[in-house]
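> Numbering (my numbering), first residue to last: 1004 to 1315.
Every residue gets a Cβ at the ideal spot worked out from N, C-alpha and C, and that includes glycine.
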Amino acid sequence: MSELRTKIEHTEAIRRDRRVAVVVNTRSRRGRRHYFEVIEQLHNLGFEPLAELSVYNPKRLRDLLDTALATDPDLLIVGGGDGTLSSAVRHVAHRDVALGVLPLGTTNNFARSLGLPLDLAGAIKVFSTGKVADIDLGMAGDRPFANLASFGVSVEVAGKVKPWLKRIVGRPAYPMTALTVLPGHRPFRAFITVEGQRHELLTHQLNIANGRFHGGWQVARDISIDNGMLVAYQLGSGKKLRLLGETLLRATTGRWRSLAGGPFVVGREMLLETDPPMAADVDGEVRLRTPITLRVVPNGVRVMVPDSFEDR
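Quick look at the structure:
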């Protein structure tokens, strides 16, 4: 781990020296269309990027992030969806470099949790007028994550949602796909142990959040990406009609009305066991299975945010 400047020193260095590197996923929903616009707007603000890299093959993303970081920037600007940004978070965690976020995905949960403008010009302006903050880093086993680990229907949805549907309808593509998956889905029993207390529930969908947004919609007002806590919650219960109703509600209103089955489970570390064992979708990548321990690393990642962001 490199020695870290203070956040004030880091902010001043970005504004003064403007040492940035840019990586844009041009396979994301808006990345290809806006890549040259991003570069042009950065130059207009006085930035002369040390690297300007586009990612067409997702398999090269990690190598290109390494290439960008090798230029020793103060700010690594990354454009893409939440999966792209999650990879970037893993690259900059615990390092003396801040992550600048370009919200070029479908749901942009991470950007929303940071309070960033979702229009491109507004997001880019933050790099000149904002500040460096440090936010929490989630850990699922030994795998870092930025926003969310999920279990149940959403894992199947992530594998079946059609790219063309995301391009056409955007955020509602996920609940719309969920409606086609749900009829054949079986509920599962989950056991969440926090500080010696074991919580049991029967559900079709369980989420454990580091960020404040899921599917582009706010989970709850008091969830923060910078409070040192993870929040577990279920959508619906073991009854398909209840999950169907809440899925439709999210698709039509864009907000949560209720979280059935009890209150949030909140903690710095959680042991999750399920019956049967299940795959985990960690920021869009399905690589882990239950049982799994999830925890939070407070202030593990530096990001560029608006001045209005509450940095704890």
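Are the beta-carbon atoms belonging to residue 1052 and residue 1024 less than 8 Å from one another?
Here the question's residue 1052 lines up with position 49 in the sequence shown. Here the question's residue 1024 lines up with position 21 in the sequence shown. In this structure, residue 1024 lies closer than 8 Å to residue 1052 by Cβ.
> How would you label residue 1199, buried or exposed, when you count the other beta carbons within 10 angstroms and need 16 or more for buried?
Taking the sequence shown and counting its residues from 1, one reaches residue 1199 at position 196. Result: exposed.
> By a C-beta neighbour count over all protein chains shown, 10 Å radius and 16 as the cutoff for buried, is residue 1038 buried or exposed?
One-based indexing of the sequence shown puts residue 1038 at position 35. Looking at its Cβ environment, which holds 16 or more other Cβ atoms inside 10 Å, residue 1038 is buried.
> Within its chain, find whatever has a CB closer than 7 Å to the CB of residue 1282; leave out the 5 residues flanking it on each side and keep chain order.
Working through the sequence shown from its first residue, we reach residue 1282 at position 279. Closer than 7 Å at the Cβ level, and outside the excluded window around residue 1282, lie 1158, 1289 and 1292.
> Based on Cα-Cα distance, which residue from 1222, 1235 and 1119 lies nearest to residue 1310?
One-based indexing of the sequence shown puts residue 1310 at position 307. Answer by Cα proximity: 1119.
> Within the chosen definition, does the stretch 1069-1088 reach the stretch 1098-1106 through at least 3 CB pairs nearer than 8 Å?
yes
> Count the other CB atoms, across all protein chains shown, that sit within 10 Å of the CB of residue 1046; report buried if there are 16 or more and exposed otherwise.
Working through the sequence shown from its first residue, we reach residue 1046 at position 43. Label assigned to residue 1046: exposed.
> If you follow the alpha helix (DSSP H) that residue 1285 is part of, which residue opens it and which one closes it?
Here residue 1285 refers to the residue found at position 282 when the sequence shown is read from its first residue. Element bounds for residue 1285: not the alpha helix (DSSP H) but the beta strand (DSSP E), 1282-1285.
> How many angstroms separate the CA atom of residue 1251 from the CA atom of residue 1238?
Translated into positions along the sequence shown, residue 1251 becomes position 248. Translated into positions along the sequence shown, residue 1238 becomes position 235. With a pLDDT of 49 at residue 1251, under the threshold of 50, the modelled position of that residue is not reliable, and the figure given next carries that caveat. Distance from the CA atom of residue 1251 to the CA atom of residue 1238, rounded to whole angstroms, is 12 Å.
> Please classify residue 1226 as buried or exposed, where buried requires at least 16 other C-beta atoms within 10 Å of its C-beta.
Taking the first residue of the sequence shown as position 1, residue 1226 is located at position 223. Buried, because 16 or more other Cβ atoms sit within 10 Å of the Cβ of residue 1226.
> So, helix, strand or coil for residue 1191, using DSSP?
Indexing the sequence shown from 1 puts residue 1191 at position 188. Note: residue 1191 maps to strand in three-state DSSP.
> What does the Cβ neighbour count give for residue 1074, buried or exposed, with the cut at 16 atoms within 10 Å?
The sequence position of residue 1074 within the sequence shown is 71, counting from 1. Classification of residue 1074: exposed, given that the 10 Å Cβ count is below 16.
> Let me confirm a value: residue 1277 is counted as buried when at least 16 other C-beta atoms fall within 10 Å, else exposed. Which label applies?
By one-based count along the sequence shown, residue 1277 stands at place 274. Buried, by the Cβ-count rule.
> With DSSP as the reference, label residue 1137 as helix, strand or coil.
One-based indexing of the sequence shown puts residue 1137 at position 134. Note: residue 1137 maps to strand in three-state DSSP.
> CB-CB under 7 Å to residue 1217, same chain, minus the five flanking residues each way: which ones, in chain order?
Sequence index remark: in the sequence shown, residue 1217 carries index 214 (1-based). Excluding residues within five positions, the ones whose Cβ falls inside 7 Å are 1112, 1151 and 1210.
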